[in-house]
Each structure stands twice: as C-alpha cells, then as structure tokens.
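Down below is the structure, laid out as structure tokens.
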Amino acid sequence: MIHEFQIRVLPSQAASEQTIKDYIAHDRGIDIRTIYGVRVLRRSIDARQRTVFVNLTVRVYVNEMPQDDAYRHTDYHDVSDGRQVIVVGEGPGGLFASLRLIELGLHPVVLERGKNVRERKMDLSLITKTQKVDEESNYCFGEGGAGAYSDGKLYTRSKKRGNTEKILNVFCQHGASTSILADAHPHIGTDKLPRVIENMRNTILECGGEVHFRTKMTGLIVSGDTVTGVEAVDLETGRELTFHGPVILATGHSARDVYRYLDKSGIEIEPKGIAVGVRLEHPAALIDRIQYHNKNGRGKFLPAAEYSFVTQVDGRGVYSFCMCPGGFVIPAATGPQQIVVNGMSPSNRGTQWSNSGMVVETRPEDIEGEGRLKMMHFQEGLERMCWQQGNMRQTAPSQRMADFVNNRLSYDLPKSSYAPGLISSPLHFWLPPHVGKRLQDGFRKFGQTSHGFLTNEAVLIAVETRTSSPVRILRAADTLQHVRLKGLFPCGEGAGYAGGIVSAGVDGERCADMCAEYLDSIVAE
Numbered sequence: 150m151i152h153e154f155q156i157r158v159l160p161s162q163a164a165s166e167q168t169i170k171d172y173i174a175h176d177r178g179i180d181i182r183t184i185y186g187v188r189v190l191r192r193s194i195d196a197r198q199r200t201v202f203v204n205l206t207v208r209v210y211v212n213e214m215p216q217d218d219a220y221r222h223t224d225y226h227d228v229s230d231g232r233q234v235i236v237v238g239e240g241p242g243g244l245f246a247s248l249r250l251i252e253l254g255l256h257p258v259v260l261e262r263g264k265n266v267r268e269r270k271m272d273l274s275l276i277t278k279t280q281k282v283d284e285e286s287n288y289c290f291g292e293g294g295a296g297a298y299s300d301g302k303l304y305t306r307s308k309k310r311g312n313t314e315k316i317l318n319v320f321c322q323h324g325a326s327t328s329i330l331a332d333a334h335p336h337i338g339t340d341k342l343p344r345v346i347e348n349m350r351n352t353i354l355e356c357g358g359e360v361h362f363r364t365k366m367t368g369l370i371v372s373g374d375t376v377t378g379v380e381a382v383d384l385e386t387g388r389e390l391t392f393h394g395p396v397i398l399a400t401g402h403s404a405r406d407v408y409r410y411l412d413k414s415g416i417e418i419e420p421k422g423i424a425v426g427v428r429l430e431h432p433a434a435l436i437d438r439i440q441y442h443n444k445n446g447r448g449k450f451l452p453a454a455e456y457s458f459v460t461q462v463d464g465r466g467v468y469s470f471c472m473c474p475g476g477f478v479i480p481a482a483t484g485p486q487q488i489v490v491n492g493m494s495p496s497n498r499g500t501q502w503s504n505s506g507m508v509v510e511t512r513p514e515d516i517e518g519e520g521r522l523k524m525m526h527f528q529e530g531l532e533r534m535c536w537q538q539g540n541m542r543q544t545a546p547s548q549r550m551a552d553f554v555n556n557r558l559s560y561d562l563p564k565s566s567y568a569p570g571l572i573s574s575p576l577h578f579w580l581p582p583h584v585g586k587r588l589q590d591g592f593r594k595f596g597q598t599s600h601g602f603l604t605n606e607a608v609l610i611a612v613e614t615r616t617s618s619p620v621r622i623l624r625a626a627d628t629l630q631h632v633r634l635k636g637l638f639p640c641g642e643g644a645g646y647a648g649g650i651v652s653a654g655v656d657g658e659r660c661a662d663m664c665a666e667y668l669d670s671i672v673a674e
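Heads up, this note's numbering is the position in the sequence shown plus 149, with the first residue counted as 1.
Encoded structure:
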C-alpha cells in the first residue's frame with residue numbers, strides 16, 4: 150500500500166531516509182519492518198521561529214517495493230531527416246528548444262558563439278590570471294549560457310507560462326540529482342551543472358541534431374516578411390556560413406551585438422526595465438546565525454542559510470536577487486572596459502561566504518536619453534565607470550556595507566571570495582543617486598527586520614547589471630513569432646521573456662512548439 154503524508158519534523162529527523170522512516174513509524178503507528186521505502190516529494194525549511202522545522206511531503210511504501218521512477222522520462226528519437234530549425238544560442242532557452250524540437254520530430258541546428266562547456270572553463274580561469282576577458286568565451290557566452298557557471302539555481306516564479314516540472318525532469322534525465330524535484334528552492338550547483346549540460350548536448354547529437362561551436366550569427370536572412378535562415382561566421386577560420394530554416398533566437402541577455410544589429414536593421418524591439426545594484430557578500434556563518442536564530446549557526450543537519458529581502462523605496466523595488474549561500478562572487482564581464490559581478494554556489498554550498506545581488510528596479514523613464522537601446526547604454530556606462538574605479542582591471546570597486554549606508558570611505562576591506570581582488574571605492578558617491586540612495590534606504594530597512602544583517606562585516610562589490618535583458622524583442626502573444634517577421638521566434642531571457650534557467654527553458658519549449666505549428670502551416674499551404 151502507498152501512503153502520502155505531510156509531516157513537520159526537526160532537521161535531525163529529516164536528515165536521511167532511515168530517520169524519516171523512524172518518524173513515520175512512530176507518528177503514524179506503522180510497523181517499521183513493513184516500510185519498504187520512502188520518497189520525499191516536497192521539502193522546505195521553515196525558519197520563521199527560533200525552532201527550525203523541515204516540512205516534508207513523503208510517499209511511503211508499506212508492504213510493497215517502490216516501483217515508480219524517480220523522474221518522468223522523455224523519449225527522444227532520431228531526427229536526422231527532419232525539417233531543419235536554426236537555434237541561435239545554446240543557453241537554457243536554446244537547449245530546451247532543441248530538445249523539444251527533437252520530441253516533435255524536427256532537426257535542430259544549434260549555433261553557439263562560445264566554446265563547449267569544458268573548454269569554456271579554461272577561459273574563465275584566465276580572467277583572474279590575466280585580468281582580461283575573452284569576448285566570445287566568458288561567464289555569459291558559451292555552452293550552457295550564463296547559468297552554466299553562475300550557480301544553476303532552478304527556482305522560478307513563472308508557473309503560468311509552461312511546464313516547469315518538465316524542465317526539472319529533463320535535467321534529472323541528464324544527470325541532475327532528483328532532489329531538485331523535491332526542494333522548494335532547487336539547485337544543481339556550479340560544479341555539477343556543466344556535466345548535465347554536456348549530456349543534454351550529447352542527446353541532441355545522438356538524435357541527429359547539430360551543434361556548431363564558435364559559430365556566431367552575424368545577421369538574419371529575410372525574404373519579404375519572412376526569416377528563412379541566418380548568416381554566421383566561423384570564429385576559428387573566419388569563414389562565412391549560411392544556415393536555412395526558421396530561427397529560434399535565444400542569444401541571452403548579454404548579446405549586445407545582436408541588439409545593435411536588430412536596432413540597425415529596423416527590427417522591432419523596445420527598451421525594457423532592468424534591475425541594477427551590487428553583489429552583497431557576508432560571512433556565511435553570520436547569515437546562518439541570523440536566519441536560523443542560533444548563535445551556533447546551522448549545526449549539523451541544516452544547509453547554508455538563504456535569505457530573501459524586498460521593499461519599496463520612492464516607488465521602486467529594492468530587493469535581493471540570485472542569493473548564493475556558501476558561494477562565490479565572480480567576474481561576469483563580456484568585453485573590455487567592463488566590470489560586472491555575479492554569484493554562484495557549488496552543489497554543497499560549502500564556502501565561507503554567502504552573497505546575493507542587491508538591486509534597484511530601474512525603468513526606461515528613470516534613464517535620460519532616447520532610443521531603443523537606452524537601457525543597454527545605461528548598463529554599459531555603469532560597467533565602464535566601475536572598470537575605471539577598479540584601476541582599469543577586473544579588480545572590483547567595493548565598500549563595507551555600514552560604511553556605504555553612512556557615506557563613509559572603507560579604509561580596509563574584508564577577505565572576499567572575488568578572485569580578481571577588491572579595491573576600496575566610495576560607491577555611495579559615484580553610483581547613480583536613483584540606485585545608490587535607494588540601496589541605502591533598503592539596507593536600513595533590511596537591517597531593522599533582520600538584526601545583524603546591516604554590518605561592516607559585509608562588503609558591497611560593484612556592479613551588478615546583468616539581471617535581465619535591457620531589450621525586449623517584440624513578438625506576438627499567440628504565435629510567439631516576431632510581430633512582423635514570420636519564421637523568427639525571439640526566445641528566452643535575451644528576448645525579454647524569461648528570468649532564469651527554468652523560465653528560459655520553459656520559453657524555449659514553447660517557442661519550439663510554435664515553430665512546429667508554423668512549419669505545419671507552411672506544408673498545409
């Protein structure tokens with residue numbers, strides 16, 4: 150017999166299958182010898198009170214062996230002879246679009262400007278060693294996109310746009326831990342996600358799809374009101390290439406050359422609101438003590454603590470973003486004369502630091518200037534200013550948190566996870582007032598609600614600008630095609646329709662579905 154129970158237990162009681170069995174047997178009056186298996190379906194931590202509990206939904210197998218799979222399997226078949234679809238970008242939007250195309254019997258041809266996920270890792274290490282950024286292979290460009298080496302968090306609020314559970318199951322099918330199906334805030338980890346991405350690429354290739362690395366789109370092929378393919382260049386040889394078919398454009402939120410091309414070509418785009426600010430890094434032990442209300446921290450059975458803050462200051466949201474417990478702050482620039490920071494965590498979340506983006510909602514009307522790329526230009530200006538403040542290297546301008554709030558220069562800085570190094574800088578002075586002043590007010594509010602959070606043990610590391618795309622590529626809500634150009638499917642975070650790995654994956658699948666319908670309509674005609 151199979152039972153499902155919702156239980157509320159201490160962390161030590163949720164620590165293993167055996168301790169859960171013990172609790173169920175005692176609490177529900179079941180002979181433990183008859184419990185053949187327990188599967189955790191949902192897991193969340195409730196740390197609102199001084200006693201921390203773990204909420205579990207569990208499936209209990211009494212007098213029968215577990216038979217169901219830990220995840221739902223998707224079948225992928227050979228599509229070597231299928232109709233061709235061009236997928237530009239191999240981030241989560243492009244990967245999930247390609248896998249969905251295979252499900253639908255279509256032949257994906259993936260163009261990725263960067264390197265494969267293994268080779269890409271070497272270029273990331275060179276940023277710290279040489280203080281230079283490879284413009285085609287960095288924390289944003291390359292196989293897996295911006296999420297591959299910047300954490301792999303899978304939490305999303307975008308539940309209405311598609312099947313988020315399907316995305317998590319596909320990750321499990323390609324090697325991710327099935328714990329992501331149960332956790333309230335699922336996380337694969339920077340150390341584990343690259344292998345999962347590699348497995349997804351191998352599925353595409355094994356099914357007859359194509360993946361072309363170091364292949365950069367330079368333009369769309371347009372016939373009348375229809376996109377029929379792309380022009381590209383092989384970055385290794387300089388050879389010009391053409392690929393024919395409808396196009397799923399999933400280039401990510403940092404492909405500024407693509408935005409410039411679209412703007413110059415008169416293709417309909419619009420400026421989109423973004424959020425900008427800093428990375429805020431605390432000692433992980435301090436966050437553990439604050440969040441778990443315990444001077445001894447998290448103890449043996451709890452994970453590194455997370456937090457989430459949000460408030461309104463002068464009509465704009467100020468909030469934490471992409472919180473990385475037990476993680477690192479990383480250099481995420483995509484070109485010269487830029488400093489951009491992001492965060493990541495390994496799967497064990499075991500470093501001595503915890504960080505998050507602390508950002509301010511910024512709308513197009515908040516920024517001076519005209520043009521469809523005004524928000525992108527604002528990003529570029531902040532990143533260039535940050536680079537100048539950092540001595541024109543990847544050394545990041547930084548300030549202790551309480552010093553920033555009180556308009557004081559930090560004469561020294563704490564030890565940090567940011568490998569290229571920190572340099573003391575008066576962020577309170579040079580950050581745009583609509584960002585800096587709101588951050589100061591937001592930090593004061595967060596410090597009032599979470600005692601000990603506002604502290605000089607924490608450091609602000611500038612600047613966080615790549616929270617989302619500064620541009621939206623206009624598409625029709627019913628077909629997901631561009632509003633004017635048939636056969637062009639703007640996709641994912643780079644097109645302005647997603648905000649993270651899972652939502653980008655969902656949008657990739659939706660674009661693949663609409664692309665299949667488009668091709669069927671052409672055949673019908």
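Built from N, CA and C at the ideal position, the CB exists for glycine as well.
Close beta carbons around residue 559, own chain, < 6 Å, minus the five adjacent residues each side: One-based indexing of the sequence shown puts residue 559 at position 410. Excluding its 5 nearest sequence neighbours in each direction, residue 559 has C-beta neighbours in its own chain below 6 Å: 548, 549, 552, 573, listed in chain order.
Inter-residue Cα distance where the pair is residue 183 and residue 154: To locate residue 183, count along the sequence shown from 1; it is residue 34. To locate residue 154, count along the sequence shown from 1; it is residue 5. Looking at the two C-alpha atoms, the distance is approximately 16 Å.
Terminal residues of the beta strand (DSSP E) in which residue 480 lies: Along the sequence shown, read from residue 1 onward, the residue named residue 480 stands at position 331. Residue 480 -> beta strand (DSSP E) spans 477 to 480.
Through-space distance from residue 255 to residue 672, alpha-carbon basis: For the purposes of this step, residue 672 is taken as the residue at position 523 of the sequence shown. For the purposes of this step, residue 255 is taken as the residue at position 106 of the sequence shown. As the crow flies, the alpha-carbon of residue 672 is around 14 Å from that of residue 255.
Own chain, CB closer than 6 Å to residue 628, minus 5 neighbours either side, in chain order: Locating residue 628 in the sequence shown gives position 479, counting from the first residue. Excluding five sequence positions before and after residue 628, the CB atoms of its chain that fall closer than 6 Å to its own CB belong to 663, given in chain order.
Runs of beta strand (DSSP E) lying entirely within the stretch 488 to 566, each at least 3 residues, in chain order: Runs of the beta strand (DSSP E) lying entirely within the stretch 488 to 566, each at least 3 residues long, are 490 to 493, 502 to 511, 545 to 549 in chain order.
Residues that DSSP places opposite residue 366 in a beta bridge: Mapped onto the sequence shown, residue 366 falls at position 217. For residue 366, which the question treats as bridged, DSSP gives the partners 381.
Per-residue burial, residue 355 [other beta carbons within 10 Å of its own, 16 or more giving buried]: Sequence index remark: in the sequence shown, residue 355 carries index 206 (1-based). Residue 355 is exposed by the Cβ-count criterion.
Neighbour-count burial assignment, residue 337, 16 or more Cβ in a 10 Å radius: Indexing the sequence shown from 1 puts residue 337 at position 188. The residue is buried, with at least 16 neighbouring Cβ atoms inside 10 Å.
For residue 425 and residue 613, believed in contact at Cβ under 8 Å, the rounded distance: Along the sequence shown, read from residue 1 onward, the residue named residue 613 stands at position 464. Along the sequence shown, read from residue 1 onward, the residue named residue 425 stands at position 276. Yes, they are in contact, since the Cβ atoms of residue 613 and residue 425 sit about 7 Å apart, within 8 Å.
Within 8 Å, strictly: CB atoms of residue 649 and residue 400: Working through the sequence shown from its first residue, we reach residue 649 at position 500. Working through the sequence shown from its first residue, we reach residue 400 at position 251. For residue 649 and residue 400, no; Cβs fall outside 8 Å.
Backbone secondary structure at residue 574 - three-state DSSP: Here residue 574 refers to the residue found at position 425 when the sequence shown is read from its first residue. For residue 574, the three-state secondary structure derived from DSSP is coil.
DSSP state of residue 583 mapped onto helix, strand, coil: For the purposes of this step, residue 583 is identified with residue 434 of the sequence shown, where counting begins at 1. Three-state result, residue 583: helix.
Boundaries (first-last residue) of the alpha helix (DSSP H) holding residue 174: In the sequence shown, residue 174 corresponds to position 25, counting from 1. Membership of residue 174 in the alpha helix (DSSP H) is indicated by the continuous run 166 to 177.
Simplified DSSP state of residue 233, which is helix, strand or coil: Looking up residue 233 in the sequence shown gives position 84. Reduced to three states, the DSSP call for residue 233 is strand.
Distance between beta carbons of residue 378 and residue 396, contact taken as under 8 Å: By one-based count along the sequence shown, residue 396 stands at place 247. By one-based count along the sequence shown, residue 378 stands at place 229. About 7 Å separates the two Cβ atoms, so the contact holds.
Cutoff 8 Å: residue 391 Cβ touching any chain D Cβ: Looking at the structure shown, chain D is missing, and only one protein chain is on hand.
Among 645, 151, 363, 321, the one whose alpha carbon lies nearest that of residue 223: Sequence index remark: in the sequence shown, residue 223 carries index 74 (1-based). Minimum Cα distance to residue 223 is reached at 321.
Nearest candidate by alpha-carbon position, reference residue 478, set 207, 235, 245, 609: Residue 478 sits at position 329 when you count from the first residue of the sequence shown. Answer by Cα proximity: 609.
Spatial distance of residue 367 from residue 583 (CA atoms): Sequence index remark: in the sequence shown, residue 367 carries index 218 (1-based). Sequence index remark: in the sequence shown, residue 583 carries index 434 (1-based). So the two alpha carbons sit approximately 36 Å from each other.
Option nearest residue 567 by Cα separation, candidates 631, 494, 580: As a working note, residue 567 is residue 418 in the sequence shown. Residue 567 has its Cα closest to that of 494, out of 631, 494, 580.
Inter-residue Cα distance where the pair is residue 176 and residue 167: The residue you call residue 176 lines up with position 27 of the sequence shown. The residue you call residue 167 lines up with position 18 of the sequence shown. Each residue's CA atom was taken as its position, placing residue 176 and residue 167 some 14 Å apart.
Helix, strand or coil at residue 215 [DSSP, three-state]: Mapped onto the sequence shown, residue 215 falls at position 66. The DSSP-derived three-state label of residue 215 is coil.
Segment contact flag, the stretch 537 to 548 with the stretch 575 to 591, C-beta cutoff 8 Å, min 3 pairs: Contact holds: three or more Cβ-Cβ distances are below 8 Å.
Euclidean distance between Cα positions of residue 531 and residue 161: By one-based count along the sequence shown, residue 531 stands at place 382. By one-based count along the sequence shown, residue 161 stands at place 12. Residue 531 and residue 161 have their alpha carbons spaced roughly 47 Å apart.
Of the residues 570, 604, 328, the one placed nearest residue 554, counting alpha carbons only: To locate residue 554, count along the sequence shown from 1; it is residue 405. Distance check between residue 554 and each of 570, 604, 328 places 604 closest, using alpha-carbon atoms only.
Reference residue 619, options 633, 544, 645, closest by Cα: Counting from one through the sequence shown, the residue named residue 619 turns up at place 470. Considering only alpha carbons, the answer is 645.
Assumed close pair residue 258, residue 236 - CB separation to whole angstroms, cut-off 8 Å: Your numbering for residue 258 matches position 109 in the sequence shown. Your numbering for residue 236 matches position 87 in the sequence shown. The distance from the Cβ of residue 258 to that of residue 236 is about 7 Å, consistent with a contact at the 8 Å cut-off.
Any non-hydrogen atom of the ligand FAD closer than 7 Å to residue 221 Cβ: Absence of the ligand FAD from the depicted structure is noted, as is the absence of any ligand whatsoever, leaving it without description.
Buried versus exposed call for residue 431 [16 or more other C-beta atoms within 10 Å across all chains shown]: The residue given as residue 431 occupies position 282 in the sequence shown. That one is buried.
Pairwise C-alpha distance: residue 170 and residue 212: Counting from 1 along the sequence shown, the entry for residue 212 is found at position 63. Counting from 1 along the sequence shown, the entry for residue 170 is found at position 21. Cα to Cα, residue 212 sits roughly 13 Å from residue 170.
Segments assigned alpha helix (DSSP H), at least 4 residues, entirely inside the stretch 419 to 449: Taking only runs of at least 4 residues, the alpha helix (DSSP H) segments lying wholly in the stretch 419 to 449 are 433 to 440.
Secondary structure, alpha helix (DSSP H): runs of 4+ residues fully inside the stretch 243 to 284: Listed in chain order, they are 266 to 279.
Residue 385, buried or exposed, once every other Cβ within 10 Å from all chains shown has been counted against 16: Here the question's residue 385 lines up with position 236 in the sequence shown. So residue 385 ends up on the exposed side.
Spatial neighbours of residue 625 in its chain, beta-carbon cut-off 8 Å, leaving aside the 5 residues before and after: Walking along the sequence shown from the start, residue 625 turns up at place 476. Within the same chain, and ignoring the five residues on either side of residue 625 in sequence, the residues whose Cβ sits closer than 8 Å to its Cβ are 631, 632.
Unbroken beta strand (DSSP E) run spanning residue 468, endpoints: Residue numbering aside, residue 468 sits at position 319 when the sequence shown is read from its first letter. 465 to 473 is the span of the beta strand (DSSP E), which, as asked, contains residue 468.
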